[in-house]
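Sequential numbering from 60 applies to the sequence shown in our numbering.
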Amino acid sequence: MARRRRQFNVFSLSFLDIMSCGFGAVILFFMIISAQIAVETQDTVREDSAEIERLEARVASSGRQLERIREALAGAIEQRASSRAEAEELSAAVQEAEARMSERQRTEIERREELRRLQEELRQLQAETQQLAEEAMTREEAGRQIRALTGDGDRAYLTGMRMGGDRILVLVDVSTSMLDETLVNVIRRRNMPFERKVSSDKWQRILATIDWITAQIPPTSQFQVYLFNDQARPLIEGTEGTWLSASDEAGRLTEAVEKTRQLDPGGGSSLHAAFGVIRELAPRADNVYLITDSLPTVGDSPPARSVISGRERVRLFELAVRTLPTNVPLNIILFPLEGDPRAAPAYWDLTLRTGGTFLSPTKDWP
Numbered sequence: 060m061a062r063r064r065r066q067f068n069v070f071s072l073s074f075l076d077i078m079s080c081g082f083g084a085v086i087l088f089f090m091i092i093s094a095q096i097a098v099e100t101q102d103t104v105r106e107d108s109a110e111i112e113r114l115e116a117r118v119a120s121s122g123r124q125l126e127r128i129r130e131a132l133a134g135a136i137e138q139r140a141s142s143r144a145e146a147e148e149l150s151a152a153v154q155e156a157e158a159r160m161s162e163r164q165r166t167e168i169e170r171r172e173e174l175r176r177l178q179e180e181l182r183q184l185q186a187e188t189q190q191l192a193e194e195a196m197t198r199e200e201a202g203r204q205i206r207a208l209t210g211d212g213d214r215a216y217l218t219g220m221r222m223g224g225d226r227i228l229v230l231v232d233v234s235t236s237m238l239d240e241t242l243v244n245v246i247r248r249r250n251m252p253f254e255r256k257v258s259s260d261k262w263q264r265i266l267a268t269i270d271w272i273t274a275q276i277p278p279t280s281q282f283q284v285y286l287f288n289d290q291a292r293p294l295i296e297g298t299e300g301t302w303l304s305a306s307d308e309a310g311r312l313t314e315a316v317e318k319t320r321q322l323d324p325g326g327g328s329s330l331h332a333a334f335g336v337i338r339e340l341a342p343r344a345d346n347v348y349l350i351t352d353s354l355p356t357v358g359d360s361p362p363a364r365s366v367i368s369g370r371e372r373v374r375l376f377e378l379a380v381r382t383l384p385t386n387v388p389l390n391i392i393l394f395p396l397e398g399d400p401r402a403a404p405a406y407w408d409l410t411l412r413t414g415g416t417f418l419s420p421t422k423d424w425p
């Protein structure tokens, strides 16, 4: 039997062509996409590689930095440990120093207490020594005095005057002005009865001064006491121009001092006559005490007038000073008279020139 011819179907062939073309197009598209992806991938890889390199460089740098930090940290830890050790040593040293300081403070307190105790003992010893010295001096002075000095209270005043020397001369002004401190009262008193005249405070202080000075004369010295107004005369009658022994004539001196209570002040005041005694006594005095109240009113001759000016009194003083022997200390006790302001500076200057002392006593001295 004859074969049947297969009928050719154009649609089937076309379908296959279409399918083949579609599949080829897909493959081509895939290949194009794959190629584009590969290119993009390579770019991305290159970028990522560069980024990786950068990151690796940063990591390496960070690693080095971390290593440095670790090294620094290790150094800091080591330094901290060293500092802590030093701090502990310092703390121990401070504690030791505080302990020593505390000990020193305790020692210093003990030393201060000991010093205060010793100072107190020293003050007590000094007070006792001073008391013993004063008692010894009092006994010594009492042993030296040729006369006992009696009266109320303690007469050991600080005057700066010391009764010393081999030959002591005391010159006492007994002129009218010695009766009082003011000229008006002097004029009033010179006309009063004797008892009232010599009862003035000033004259009684002068008598007490004579008593005090004569009681200070050392028993080993020679002495002489002269009174002066217009003229000069010895307190002990019959001893003109001679020195008296303090130890031998103590009784006569005491008697003479008692007789000063009977003195009647009067007349002018002549320093020329007083200083003449210094020149006449031989051997010469080596310590002179002058008790007065003012500048002189009489020179080497009687005044022509009964009233004398202050300038004239200064001139008489300067003339009398010129007659003074040299190298004789002149100690002056001045009972100032009102109305004679030049007396104090003049007598003070005279004591400076002669190397003596000047005293203008208070009303409670001696």
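Ideal placement from N, C-alpha and C gives every residue a C-beta, glycine not left out.
Whole runs of the beta strand (DSSP E) within the stretch 281 to 340, excluding any shorter than 3 residues: If we require 3 residues or more, the beta strand (DSSP E) runs fully inside the stretch 281 to 340 come out as 281 to 287, 291 to 293.
DSSP beta-bridge partners of residue 350: Along the sequence shown, one-based indexing puts residue 350 at 291. Assignment of beta-bridge partners to residue 350 by DSSP yields 231, 392.
Where the alpha helix (DSSP H) through residue 377 begins and ends: By 1-based counting over the sequence shown, the position of residue 377 is 318. Counting along the chain, the alpha helix (DSSP H) containing residue 377 begins and ends at 369 to 381.
Integer Cβ distance of residue 238 from residue 324, believed to fall under 8 Å: Within the sequence shown, residue 238 is the residue found at index 179, counting from 1. Within the sequence shown, residue 324 is the residue found at index 265, counting from 1. Yes, they are in contact, since the Cβ atoms of residue 238 and residue 324 sit about 5 Å apart, within 8 Å.
Reference residue 354, options 373, 170, 75, closest by Cα: Stepping through the sequence shown from its first residue, residue 354 is reached at position 295. Looking only at 373, 170, 75, the smallest Cα-Cα distance to residue 354 is reached by 373.
Euclidean distance between Cα positions of residue 302 and residue 281: On the sequence shown, residue 302 is found 243 positions in, with the first residue counted as 1. On the sequence shown, residue 281 is found 222 positions in, with the first residue counted as 1. Roughly 6 Å separates the two Cα atoms.
Beta-carbon proximity list for residue 404, same chain, < 6 Å, skipping 5 on both sides: Walking along the sequence shown from the start, residue 404 turns up at place 345. The beta carbon of residue 404 lies closer than 6 Å to none in the same chain, with the five residues before and after it left out.
Cβ-Cβ distance between residue 388 and residue 415 below 8 Å: Taking the sequence shown and counting its residues from 1, one reaches residue 388 at position 329. Taking the sequence shown and counting its residues from 1, one reaches residue 415 at position 356. Annotated as proximal: residue 388 and residue 415, with beta-carbon spacing under 8 Å.
Assigned exposure category for residue 73 - 16 Cβ within 10 Å defines buried: Working through the sequence shown from its first residue, we reach residue 73 at position 14. By the neighbour-count rule (16 or more Cβ atoms within 10 Å), residue 73 is not buried but exposed.
Test item: CB-CB of residue 234 and residue 328 under 8 Å: On the sequence shown, residue 234 is found 175 positions in, with the first residue counted as 1. On the sequence shown, residue 328 is found 269 positions in, with the first residue counted as 1. It is a contact, given that the beta carbons lie within the stated cut-off.
Backbone secondary structure at residue 421 - three-state DSSP: Translated into positions along the sequence shown, residue 421 becomes position 362. In the three-state reduction of the DSSP assignment, residue 421 falls in the coil class.
Nearest residue (CA-CA) to residue 310, options 421, 274, 125, 185: Looking up residue 310 in the sequence shown gives position 251. The shortest Cα separation from residue 310 among 421, 274, 125, 185 belongs to 274.
Distance between beta carbons of residue 376 and residue 330, contact taken as under 8 Å: Counted from its first residue, the sequence shown places residue 330 at position 271. Counted from its first residue, the sequence shown places residue 376 at position 317. Right, the Cβ-Cβ distance comes to about 6 Å (below 8 Å), so this counts as a contact.
Whole-Å CB distance - residue 231 paired with residue 269, under 8 Å assumed: Translated into positions along the sequence shown, residue 231 becomes position 172. Translated into positions along the sequence shown, residue 269 becomes position 210. Confirmed, about 6 Å.
Helix, strand or coil at residue 343 [DSSP, three-state]: Position 284 of the sequence shown, counted from the start, is the residue given in the question as residue 343. Note: residue 343 maps to coil in three-state DSSP.
Opposing strand residues paired with residue 226 [DSSP bridges]: Here residue 226 corresponds to residue number 167 of the sequence shown, with the count starting at 1. Within the DSSP bridge table, the entry for residue 226 names 281 as partners.
Residue from 134, 173, 89, 225 with nearest C-alpha to residue 341: What you label residue 341 is simply residue 282 of the sequence shown in a count that begins at 1. Residue 225 is the option with its Cα nearest to residue 341.
Best match in 400, 133, 179, 308 for proximity to residue 279 [C-alpha to C-alpha]: Translated into positions along the sequence shown, residue 279 becomes position 220. Checked all of 400, 133, 179, 308; the closest Cα to residue 279 is 308.
Reduced DSSP secondary structure (H/G/I, E/B, other) of residue 387: The residue labelled residue 387 in the question sits at position 328 within the sequence shown. Residue 387: coil per DSSP, three-state reduction.
Buried versus exposed call for residue 29 [16 or more other C-beta atoms within 10 Å across all chains shown]: Past the boundaries of the shown model lies residue 29; the chain is included only from 60 to 425, so the question cannot be answered.
Residue 91 versus residue 119: straight-line alpha-carbon distance, rounded: Working through the sequence shown from its first residue, we reach residue 91 at position 32. Working through the sequence shown from its first residue, we reach residue 119 at position 60. Between residue 91 and residue 119, the C-alpha separation is close to 41 Å.
Candidates 326, 347, 380: closest to residue 366 by CA position: Against the sequence shown, residue 366 aligns to sequence position 307. Nearest neighbour of residue 366 by Cα position, chosen from 326, 347, 380, turns out to be 326.
Counted within 10 angstroms of its Cβ, other Cβ atoms place residue 260 as buried (16 or more) or exposed: Locating residue 260 in the sequence shown gives position 201, counting from the first residue. The residue is exposed, with fewer than 16 neighbouring Cβ atoms inside 10 Å.
Distance CB(residue 289)-CB(residue 357) smaller than 8 Å: If you number the sequence shown from 1, residue 289 lands on position 230. If you number the sequence shown from 1, residue 357 lands on position 298. For residue 289 and residue 357, yes; Cβs fall inside 8 Å.
The alpha helix (DSSP H) enclosing residue 263, as first and last residue numbers: Translated into the one-based positions of the sequence shown, residue 263 becomes position 204. Secondary structure note for residue 263: its alpha helix (DSSP H) is the uninterrupted segment 260 to 274.
Residue 366 - DSSP class collapsed to helix/strand/coil: Within the sequence shown, numbered from 1, the residue matching residue 366 stands at position 307. Reduced to three states, the DSSP call for residue 366 is coil.
DSSP state of residue 137 mapped onto helix, strand, coil: Within the sequence shown, residue 137 is the residue found at index 78, counting from 1. Of the three classes helix, strand and coil, the one that applies to residue 137 here is helix, per DSSP.
Limits of the alpha helix (DSSP H) - the one that residue 404 falls within: Indexing the sequence shown from 1 puts residue 404 at position 345. Taken as a continuous stretch (DSSP letters only), the alpha helix (DSSP H) holding residue 404 covers 402 to 413.
Nearest to residue 254 (by Cα), restricted to the options 227, 322, 292, 164: Stepping through the sequence shown from its first residue, residue 254 is reached at position 195. Ranking 227, 322, 292, 164 by Cα distance to residue 254 puts 322 first.
Enclosing alpha helix (DSSP H) for residue 243 [first to last residue]: Mapped onto the sequence shown, residue 243 falls at position 184. The continuous alpha helix (DSSP H) containing residue 243 extends over residues 242 to 249.
Coil, strand or helix - residue 107 by DSSP: In the sequence shown, counting from the first residue as 1, residue 107 sits at position 48. Correct three-state label for residue 107: helix.
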